[in-house]
Ligand code: GMT
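In the numbering used here, the protein residues as written are 12 to 390.
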């Protein structure tokens with residue numbers, strides 16, 4: 012198949028899922044064209060079968076707020092015709108799904124199918140905001156297929172958008188081979204031999220509650236010799252830094268910034284913290300589990316489908332940093348229990364979220380759509 016993928020190039024989970032999906036599709040013999048305003052983070056070296064097409068920014072005095080969606084749609088038309096694409100897959104509803112639908116109309120001779128995958132805040136915050144709601148709703152109605160990354164998000168999409176449309180759940184996935192449990196460390200050595208490593212990875216937006224991460228760590232550090240590694244960057248980095256200073260623990264908190272080396276970093280972690288306000292899925296939690304790292308997270312949204320409370324980690328109420336810290340201390344001080352959780356985490360990642368099982372679900376969906384050409388389209 013010849014597939015166009017549209018996603019955000021930044022270090023958010025939706026861009027990661029879109030990029031990994033495209034790379035796996037190419038491994039399986041499909042041709043994949045990425046269209047975005049910058050190369051996605053995990054596409055620095057596009058493999059065979061993958062191409063990247065950049066949306067140009069036009070400068071003109073009138074265009075103070077550059078109409079990115081229109082430029083994106085125009086670029087997609089060019090790429091779709093150049094590559095004879097059969098399908099456009101929008102990762103994150105806005106502005107990708109409306110742009111893809113515009114392309115479908117403009118390049119009608121191609122009879123393009125449009126798949127929209129909803130990831131999280133495109134349902135819970137952005138897409139359902141009154142400023143965008145009618146557009147999101149139309150885009151979902153007119154997409155040839157809509158998928159969500161969790162059952163929670165599917166129900167939330169029905170609730171927010173009131174669309175009578177079949178929504179298919181296709182879970183996010185991991186490549187277990189890249190997450191071999193506990194190989195040698197690649198981050199700076201621990202300050203002491205027995206020191207334990209807690210880790211958080213995110214885009215440091217408000218929804219991730221990074222200040223809570225610092226607070227949880229401060230309780231843990233009172234009882235256990237531990238350090239915290241904060242991976243990523245975003246609007247709330249300064250708040251996290253400030254909190255660490257205030258609590259007098261900044262010598263044990265390291266901020267790495269954005270990195271592609273997620274798997275090797277995770278191999279150095281003993282526990283993963285994700286105390287988010289909400290998650291459509293919680294890809295970072297899954298990546299931790301794939302590395303055999305138990306997760307302590309908020310009891311919300313798609314996280315309930317990823318983490319099994321009391322088995323692969325613990326889920327506590329949003330903001331309950333004390334309970335999360337107690338869970339962390341329990342795991343870090345009971346070796347036998349900790350080992351059980353590590354094993355269960357990796358097992359769950361492999362049984363439910365292995366890319367070998369998930370990619371074929373996208374392929375089957377694409378094939379089903381392409382079997383039904385639009386009447387009189389000439390395809
Ligand atoms: O975080 C966002 O605002 C959007 C999006 C992104 O691009 O990172 O994240 C969502 O997509 C991920 C991949 O499907 C999910 O694992 C995240 O849970 C989800 N984030 C939120 O719902 C906050």
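For glycine and all other residues, C-beta sits at the position ideal for the given N, C-alpha and C.
Quick caveat: nothing in here was measured; it's all calculated off a predicted structure.
Taking the CA atoms as reference points, residue 216 sits about 14 Å from residue 295.
The Cβ neighbour count for residue 259, taken over all protein chains shown within 10 Å, is under 16; the residue is labelled exposed. Residue 31 sits buried, since 16 or more C-beta atoms from the chains shown fall within 10 Å of its C-beta.
Going by DSSP, residue 16 is part of the beta strand (DSSP E) stretching over 13-17. With distances taken between CA atoms, residue 264 lies nearest to 211 out of 152, 272, 211 and 219. Here residue 205 has 236 as same chain residues with Cβ atoms under 8 Å from its own Cβ, once five neighbours each way along the sequence are excluded. The DSSP assignment places 132-135 as complete runs of the alpha helix (DSSP H) inside the segment 117-142, in order along the chain (cut-off: 4 residues). The Cβ atoms of residue 121 and residue 84 do not sit closer than 8 Å to each other.
Among the bridge pairs identified by DSSP, residue 207 is matched with 237.
Residue nearest to residue 187 within the set 232, 207, 358 and 311 is 358 (criterion: CA-CA distance). By the C-beta density criterion, residue 224 is buried, having at least 16 other C-beta atoms within 10 angstroms. For residue 35, the secondary structure class from DSSP, reduced to helix, strand or coil, is helix. Within the DSSP secondary-structure output, residue 295 pairs in no beta bridge.
Considering only 14, 355, 25 and 28, the residue with the shortest C-alpha distance to residue 37 is 14. In the DSSP assignment, residue 175 falls outside any beta strand (DSSP E), carrying neither H nor E.
Residue 276 and residue 303 have their C-alpha atoms roughly 12 Å apart. Of the residues 142, 289, 244 and 292, the one whose Cα lies closest to the Cα of residue 271 is 244.
With contact defined as three or more Cβ pairs closer than 8 Å, the segment 132-145 and the segment 111-120 are not in contact. Residue 124 has its alpha-carbon roughly 10 Å from the corresponding atom of residue 378. Shown here for residue 165: same chain residues with a beta carbon closer than 6 Å to its own, the five before and five after excluded, namely 159, 178 and 180 in chain order. Across the set 269, 52 and 87, the C-alpha of 87 shows the shortest separation from the C-alpha of residue 114. Taking 7 Å as the cut-off, one finds at least one heavy atom of the ligand GMT near enough to the beta carbon of residue 292. DSSP, read as helix, strand or coil, puts residue 244 in coil.
Taking a C-beta distance under 8 Å as the contact criterion, residue 161 and residue 298 do not qualify as a contact pair. A straight line joining the alpha-carbon of residue 153 with that of residue 109 spans about 9 Å.
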